[in-house]
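Enquirer: Please see the structure below; I have some questions.
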Amino acid sequence: MNSVEGRAVNGAGPVLQTRGLKRSFVQGEVTIEVLRGVDLDVRPGEIVALLGPSGSGKSTLLQAVGLLEGGFEGSIRIADKEAAQLDNAGRTEVRRDSLGFIYQFHHLLPDFNAIENVVLPQMIHGASRAEADRRAEHLLTTLGLGGRLTHRPNQLSGGEQQRVAVARALANRPALVLADEPTGNLDEATADKVFAEFLNLVRGEGSAALIATHNERLAERMDRVMRLHEGVLE
């Protein structure tokens, strides 16, 4: 595990803070407690690993802090905004302006090429086409895709598809990137390369990141490791 000294912004408040976060599901007459009071701070510029086996609740926690699903108890603050005080429009605004998402599967738009997949969220955010094109080309070139800008997802390898997904997540300069097993669908060699490029780009952009994984080796490359065990972070 690496030290976070010099990575997190000294004196800055957390970009993500949860207190007493709980989530349970009812199946028949049984209540399953997935999150049982999660307290978590992620500071600006910090990359945090969320470690735990499959089924430990990592994805549930990311859905909560990504404001993607209701039914949670407790406090979630993102970029100094309390989620419980936001209406649907406010939650959408936080997701658009402050968060970037990367999933195990790339979820690229199949009818758009690589640069268009990265341009689109920027234009939704209000950027001009010229600005969005420049930003998309910079991110994709940084990730080694300068020669693949006009290729559609089905013309790209798995690693290339995931690189486009990384560029898309960072396109609007989010304060916080949420990644759920971002290299889980790749072979080990490709996963190592894509993950290294991902970490370098996130650090270069100055974003914070919370990355769910079950891979101890990848987790050790981040600034801090938090383990989710029986619904509580350790």
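Heads up: the sequence shown runs through residues 122 to 355, numbered per my numbering.
Glycine included, each C-beta is placed from N, C-alpha and C at the ideal position.
As the structure is a prediction and not an experimental result, all values here were calculated from the model.
1) So, is phenylalanine 222 buried or exposed, given that buried needs 16 or more other C-beta atoms within 10 angstroms?
2) For a minimum of 4 consecutive residues, which ranges assigned as the alpha helix (DSSP H) are wholly contained in the stretch 213-247?
3) Between the stretch 287-298 and the stretch 322-334, can you find at least three pairs of beta-carbon atoms closer than 8 Å?
4) Give the straight-line distance between the Cα atoms of phenylalanine 319 and valine 287, rounded to the nearest whole angstrom.
5) Mind checking who methionine 347 pairs with in its DSSP beta bridge?
6) What does a CB cutoff of less than 7 Å around threonine 139 pick up in its chain, not counting 5 residues either side in sequence?
7) If you follow the beta strand (DSSP E) that arginine 144 is in, where does it begin and where does it stop?
8) Do you know how far the Cα of arginine 217 is from the Cα of histidine 245?
9) Based on Cα-Cα distance, which residue from Asp201, Gly149 and Ser175 lies nearest to proline 165?
10) Going by DSSP, name the residue or residues bridged to leucine 188.
11) Whole angstroms is fine: what's the gap from alanine 312's alpha carbon to asparagine 336's?
12) Assuming contact is defined by CB atoms lying nearer than 8 Å, are valine 169 and valine 163 in contact in what I supplied?
13) To test your reading of the DSSP string, which unbroken beta strand (DSSP E) runs of 3 or more residues are found completely within the stretch 255-291?
14) When DSSP labels each residue in this structure, what does arginine 342 get in the three-state scheme?
15) Would DSSP call arginine 157 helix, strand or coil?
16) Are there three or more Cβ pairs, one per stretch, closer than 8 Å when the stretch 275-282 is compared with the stretch 227-243?
17) Measure from the alpha carbon of arginine 324 to the alpha carbon of each residue in Arg338, Ala310, Glu309 and Met343, then state which is nearest.
18) Quick check: the Cα distance between glycine 141 and valine 353, rounded to an integer number of angstroms?
19) In chain order, what residues of the same chain lie with their CB nearer than 8 Å to the CB of threonine 271, ignoring the 5 residues before and after it?
20) Taking only the alpha-carbon atoms, compute the straight-line gap between asparagine 112 and arginine 269 and give it to the nearest angstrom.
21) Quick one: Cα of proline 242 to Cα of alanine 292, how far?
22) Could you have a look at serine 196 and say whether DSSP puts it in helix, strand or coil?
23) Any idea if serine 328 is buried or exposed, counting beta-carbon neighbours within 10 angstroms, 16 or more meaning buried?
24) Grouping DSSP H, G and I as helix and E and B as strand, with all else coil, what is alanine 296?
25) Going by CA-CA distance only, name the one from Glu167, Leu137, Val136 and Gly178 that's closest to lysine 143.
Expert: Put simply:
1) buried
2) Whole alpha helix (DSSP H) segments, 4+ residues: 235-245.
3) yes
4) 7 Å
5) Methionine 347 pairs with Leu171.
6) Excluding positions up to five away in sequence, the list reads Val159, Asp160, Leu161, Val186, Gly195, Ser196 and Ile197.
7) Note, arginine 144: beta strand (DSSP E), 137-148.
8) The amino acid occupying residue 245 in the given sequence is isoleucine; histidine does not appear at that position. Approximately 9 Å, taken between the alpha carbons.
9) Asp201
10) Answer is none; leucine 188 lacks a bridge partner.
11) 11 Å
12) yes
13) If you keep only unbroken beta strand (DSSP E) runs of at least 3 residues inside the stretch 255-291, you get nothing at all.
14) coil
15) strand
16) yes
17) Its Cα nearest to that of arginine 324, the residue Met343 stands out among Arg338, Ala310, Glu309 and Met343.
18) 10 Å
19) Asn234, Ala235 and Ile236
20) Any question about residue 112 goes unanswered here, given that the chain covers just 122 to 355.
21) Approximately 7 Å, taken between the alpha carbons.
22) strand
23) buried
24) Looking at alanine 296 - three-state DSSP - the assignment turns out to be coil, as it is neither helix nor strand.
25) Residue Gly178 is the option with its Cα nearest to lysine 143.
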